[in-house]
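Residue numbers (my numbering), protein chains in the order written: chain W, 1 to 372; chain H, 373 to 874. Even for Gly, the Cβ is constructed at its ideal location relative to N, Cα and C. None of the values given here were measured: they were computed from a predicted structure.
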């Protein structure tokens, strides 16, 4: 008996391609492979652009100019990246435990709603110090988001309800819940939006300090970016330097071993989904307090779903999430500058496919062998 | 008299897996119309050999002749075309589909149009013919395990198999269902089918098989044994092996007070059937109590209930007098109950995490690794480094993923982790299963050292020679209760107790 079956198709070639499972993945490899995938994606995009008669170099230059070209546009890129970082972190911490939280979008809306409630009920007046209003909005937004994580969490822990379904469905409820308030209770003169928040509920922007630092003039980057960067550090610390994070990683890799080690999985399911919801809720708060300044329907171009992709592409690494978010922020921004506006979306799609496919190279080594 | 014709001849079959010789020049012969038992302990190479015959694995060396034609299967489909069908321990059925739909699944016919009524009639006929009664329209999820097994057998018969391989078919069945299956199998042989029956249960082999082939550690230790001219005891000896037992240096020692006491313990298995029935067992300090028994008599459930991983229906588990029954796992760990689980890879370790993460599993709550809510990564790495060195765990570094360790190294890691927690009692289940001789010796040495330290050890194993050489006493479990105890190493008596024939 021959040990290796070989298909006849492979015999026609003078060499044979084999995929050998990798035992050890060197530390530098993931970054290199990801970079290679992005370069390949841009090349594929260029070929498509050229085929339809466009000028790929001009298109890429335009994209780069419109998102990284000047301090002002880069600032706008960061504004777009801010909610993506927070939502990406929300997804990453849940995914680490293999809890598939698809509900970051809903948690984002609930966070926005909770933060708005502080201003619109109102719990504070126009003259309350922002030092009170902003923290209160943060707490309310995170609490509302956490509640939206608690519901699927407790359902999963108690009744083993599939969290993919429950978090997905809660998205629709969250949007409908928001609509109820912007169409009815908090509607401004029948428009489907609330009144503009008073200035004490606005997150400070760089532009606000233009009087002391001239270079900040016109820059829209707001305090939410700091929240996002701090959150990334905190999430990294939780995952890698805390007992809780160790337990999360253990449950994620092997729940039976976690059980064997005495870790209460049900409690962690609830807590992790709550933290995940709170981070997405903070993203919602930061977006309405830092950018929109009112509660309305169109506050998210699908941040909650893009966050899933961001977390995945960053391989759940909190610091990589920052970089990936900036890249995606740039592509969102470029969508407004480029005609047809579908091009950045197409490139986004190609990058995604290439990055996901490149994972194969991390798991397998490609060997090309001469046929004897 | 006509020479009984052989339908299958396997000659010199060799199959290597990384680090293991699963099949070592094995010969096997099956005759027309017989039920042939393939007997051996777990890991003896029975399933490997049959998976080769069924086209799931390819042999590295050797020849297979089926119906006088040499064959070389590269897929189960080819094996089925040659008339060989294997019924696996774990059924491969689609729960939401009907019996007939499951049987048709994967067939080339019907090509496009499904005449379900006609196929249902054929399934019913086939069931009638072979005494495999099952409603062709029933959905799989509505069927009992015994009925699902009948569907699996029907699936093979529908594909025209005349040689059936059943891999431990009774493992999932109750006594009544087993009896029913045996009746069916006997009926099938009178209609010209030949059957290979893989098992490690001696009494069943004696009850159903005409001939037996015994395997041990990848080799055939006895072939062409007629069940008419042998006994359970003889088969047990062949299965366990007659070579001189590996004697370990065991210091004489007087056991101390009772540390682990199990009183009237009752629990159910995963299917909700009674697994433990008023089980009583005591383990003293500085004593190794061996628990012998045929697999599936409640050993796993006992280990799980005692460590808090499974609920007890009634009864008590006491550790140094403290009631641990149905308490969180963490409580048992904190009180000094160590656990070496049966499944190293899926329970005892976390494959994609580092050695460090795997080693601190039972230490991370305590200082210096755990500080408040923080985890000191430096201390954890230092701790892992110490364990790696003193237990000679060979791996590139403590950052290596646990899944890259060999079985022996992984078991060393688990024992190192459990021992470092300075336990009062330890439950070790199949601690040497699948390990090579060198690794087995290390595990034995570590267990005896713990005995010397005064730890109360419950050793659950299916290797009788291991139990006899390590244990101070051997208790025998049968159908969820302790049926007897042997202190003088009387292997014959243990064998009888194991099969419930006392």
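- The closest CA to that of residue 845 of chain H, considering only H:659, H:555, H:697, H:824, is found on H:659.
- Counting other Cβ atoms within 10 Å of its Cβ, residue 369 of chain W stays below 16 and is therefore classed as exposed.
- With a threshold of 16 other beta carbon atoms within 10 Å, residue 227 of chain W meets it and is buried.
- Closest in C-alpha terms to residue 304 of chain W, from the list W:241, W:109, W:36, W:27, comes W:109.
- DSSP, read as helix, strand or coil, puts residue 191 of chain W in strand.
- Closest option to residue 194 of chain W, judged by alpha-carbon separation, among W:184, W:19, W:202: W:184.
- Burial check for residue 728 of chain H: the Cβ neighbour count within 10 Å reaches 16 or more, so the residue is buried.
- Scanning the segment 294-366 of chain W for uninterrupted alpha helix (DSSP H) segments of 4 residues or longer gives 303-313, 318-337, 342-363, listed from N- to C-terminal end.
- Just measuring C-alpha positions, the residue of H:417, H:607, H:386 sitting nearest residue 430 of chain H is H:386.
- Neighbours of residue 711 of chain H in chain W, taken as residues whose beta carbon is under 9 Å from its own, are 260 in chain order.
- Going by DSSP, residue 34 of chain W is part of the alpha helix (DSSP H) stretching over 29-51.
- At a beta-carbon threshold of 9 Å, the residues of chain W lying near residue 734 of chain H are 261, 262, ordered along the chain.
- Burial is judged here by how many other beta carbons sit within 10 angstroms of a residue's own beta carbon; residue 366 of chain W has fewer than 16 and is exposed.
- Below the 9 Å Cβ cutoff, chain H contributes 722, 723, 724, 725, 729 as neighbours of residue 253 of chain W, in chain order.
- Annotated as distal: residue 107 of chain W and residue 337 of chain W, with beta-carbon spacing of 8 Å or more.
- Here residue 319 of chain W is not near residue 244 of chain W, since their CB atoms are 8 Å or more apart.
- For residue 312 of chain W, there are no neighbours in chain H by C-beta distance under 9 Å, as the nearest C-beta there is about 17 Å away.
- Using a C-beta cut-off of 8 Å, the segment 81-91 of chain W makes contact with the segment 308-322 of chain W, since at least three inter-stretch Cβ pairs fall below that distance.
- Taken through DSSP and simplified to helix, strand or coil, residue 548 of chain H comes out as helix.
- For residue 736 of chain H, the three-state secondary structure derived from DSSP is coil.
- For residue 154 of chain W, no beta strand (DSSP E) run applies; the uninterrupted alpha helix (DSSP H) run containing it begins and ends at 130-159, by DSSP.
- Looking at H:542, H:842, H:524, H:641, the one whose alpha-carbon comes closest to that of residue 569 of chain H is H:542.
- Residues of the same chain with a CB within less than 7 Å of the CB of residue 864 of chain H, apart from the 5 flanking positions on each side, are 605 in chain order.
- Note on geometry: alpha-carbon atoms of residue 52 of chain W and residue 288 of chain W lie some 39 Å from one another.
- Annotation: residue 364 of chain W has no Cβ neighbours in chain H at a cutoff of 7 Å; minimum Cβ distance is about 16 Å.
- Here residue 440 of chain H is exposed. Its C-beta has fewer than 16 other C-beta atoms within 10 Å.
- Taking a C-beta cut-off of 8 Å against chain H, the contacting residues of the segment 226-246 of chain W are 240, 241, 242, 243, 244, 245, 246, listed in chain order.
- Residue environment analysis places residue 382 of chain H among the buried positions, since at least 16 neighbouring C-beta atoms fall within 10 angstroms of its C-beta.
- One finds nothing in chain W with a Cβ atom closer than 9 Å to the Cβ of residue 684 of chain H; even the nearest lies about 16 Å away.
- Around residue 556 of chain H, the same chain offers 502, 503, 504, 522, 525 as residues with beta carbons nearer than 8 Å, after the five sequence neighbours per side are excluded.
- The secondary-structure analysis by DSSP pairs residue 408 of chain H across a beta bridge with H:568, H:583.
- Our two residues, residue 64 of chain W and residue 343 of chain W, have alpha carbons roughly 13 Å apart in a direct line.
- At a beta-carbon threshold of 7 Å, none of the residues of chain W lie near residue 398 of chain H; the nearest stands roughly 14 Å away.
- For residue 460 of chain H, no beta strand (DSSP E) run applies, since DSSP gives it neither H nor E.
- Flagged as an interface residue toward chain H: residue 250 of chain W, by a C-beta distance shorter than 8 Å.
- As the crow flies, the alpha-carbon of residue 472 of chain H is around 29 Å from that of residue 645 of chain H.
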